[in-house]
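Visitor: To start, I am sharing the structure in question, which I have written as structure tokens.
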Amino acid sequence: MGKPVRKRLPAKEAARALEIFERLAAFMPEPKTELAFYSPFTLLVAVVLSAQATDKSVNKATEKLYARADTPEKMAALGAEGITPFIQSIGLYRNKAKNVAALSRILLEQYGGQVPLERAALQALPGVGRKTASVVLNELDIEPAIAVDTHVFRVAHRLKLSSGRVPDAVEAELMAVVPPAFLAKAHHWLILHGRYTCLARRPKCEVCPIADLCPSRDLFV
DNA sequence: AACTCGGGGCA
DNA sequence: TGCCCAGAGTT
1092 MGKPVRKRLP
1102 AKEAARALEI
1112 FERLAAFMPE
1122 PKTELAFYSP
1132 FTLLVAVVLS
1142 AQATDKSVNK
1152 ATEKLYARAD
1162 TPEKMAALGA
1172 EGITPFIQSI
1182 GLYRNKAKNV
1192 AALSRILLEQ
1202 YGGQVPLERA
1212 ALQALPGVGR
1222 KTASVVLNEL
1232 DIEPAIAVDT
1242 HVFRVAHRLK
1252 LSSGRVPDAV
1262 EAELMAVVPP
1272 AFLAKAHHWL
1282 ILHGRYTCLA
1292 RRPKCEVCPI
1302 ADLCPSRDLF
1312 V
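Dropping the structure here:
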């Protein structure tokens, strides 16, 4: 019971992890997310909509959507049919419109129109899984979390910061390896690093600030 | 573990 | 044109 014990790392691994994140810190911007939002509710909706979509396309859609509905009340009143036109430029829009409408109704009926700031409650909402809950909790400073998506998974494995096969295992590994001071920002940094430098097909090792710390570098150069 | 949803962005 | 995108739910 009690607080989860942070596994002690071999000194050499801990030093390498620290060096990795200190160097990333020097290259990465301050915000923890590039999704546009201004309340827990609009954050939650933005993250739900961002599944398998780019942050730019999501921001473009939510800008107009939030002008119409920025609260669970208004969103629930809009309904899936009303939400759809705003998000048709995003993929998977039928599922997402249905989920956002349903989720808004649940917030109204069960949580007094507030976003529950607790993992189990969040993940019970339609369209909200492990990854979305992690992003929301981390962004709102409720609990530090490292949401594992395709970028994070790939980058963490190449850096040998993780070796697990499923996201839950990878997140646990990263929570143990990432220096505490960088926990809250590690997710965004790993995302950006994966998107702009550590590309899936042809990573840009030649311009990578941590290439000399990467066990996988020789696979790509 | 495999499938489905999905239009837009980008090489 | 083909591949990928800040995933989640169902089978």
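So for the first sequence, our numbering puts the first residue at 1092; every next one is plus one.
Beta carbons are placed, not taken as given, at the ideal position from N, Cα and C, and that holds for glycine.
For clarity, every value in this text was computed on a predicted model and none was experimentally measured.
1) If you pair each beta-carbon of the region 1139-1146 with each one of the region 1180-1191, do three or more pairs fall below 8 Å?
2) Do you know whose CA, among P1271, P1270 and V1239, lies nearest E1262's CA?
3) Please determine, among F1311, K1276 and A1275, the residue with the shortest C-alpha to C-alpha distance to T1288.
4) Unbroken alpha helix (DSSP H) runs of length 4 or more, entirely within the region 1187-1252: which are they?
5) Since I believe F1177 is in contact with P1300 (beta carbons under 8 Å), could you give me their beta-carbon distance rounded to a whole number of angstroms?
6) CA-CA distance, R1210 and S1307?
7) Just list the alpha helix (DSSP H) runs in the region 1112-1194, keeping only unbroken ones of 4 residues or longer that don't cross its boundaries, in chain order.
8) In chain order, what residues of the same chain lie with their CB nearer than 8 Å to the CB of K1094, ignoring the 5 residues before and after it?
9) List the whole-angstrom C-beta distance separating R1221 from D1259, where the pair is believed to meet the contact cut-off of C-beta under 8 Å.
10) Taking L1281 as the reference, which of V1149, V1136, A1102 and L1115 has the closest Cα?
11) Use the C-beta contact count for K1103: other C-beta atoms within 10 angstroms, 16 or more gives buried, fewer gives exposed.
12) At what residues does the alpha helix (DSSP H) containing D1259 begin and finish?
Guide: Reading from the atomic positions:
1) Using a Cβ-Cβ distance cut-off of 8 Å, the region 1139-1146 and the region 1180-1191 are in contact, since at least three pairs of beta carbons, one from each stretch, lie closer than that value.
2) Closest by C-alpha distance to E1262, out of P1271, P1270 and V1239, is V1239.
3) Comparing Cα-Cα distances from T1288 to each of F1311, K1276 and A1275, the minimum goes to F1311.
4) Listed in chain order, the complete alpha helix (DSSP H) runs (minimum 4 residues) inside the region 1187-1252 are 1210-1214, 1221-1230 and 1241-1249.
5) That pair is no contact at about 38 Å.
6) Each residue's alpha carbon lies about 34 Å from the other.
7) Annotation note: the region 1112-1194 contains the following uninterrupted alpha helix (DSSP H) runs of length 4 or greater, listed N- to C-terminal: 1131-1140, 1146-1159 and 1163-1178.
8) Any answer about K1094 is weak, because its pLDDT of 48 lies below 50 and its placement is not dependable; what the coordinates show is given next. For K1094, where only same-chain residues beyond five positions count, there are no Cβ hits under 8 Å.
9) Contact flag correct, Cβ pair sits at about 7 Å.
10) Answer by Cα proximity: L1115.
11) Counting Cβ neighbours within 10 Å, K1103 comes out exposed, since fewer than 16 surround it.
12) First-last of the alpha helix (DSSP H) with D1259: P1258 to V1268.
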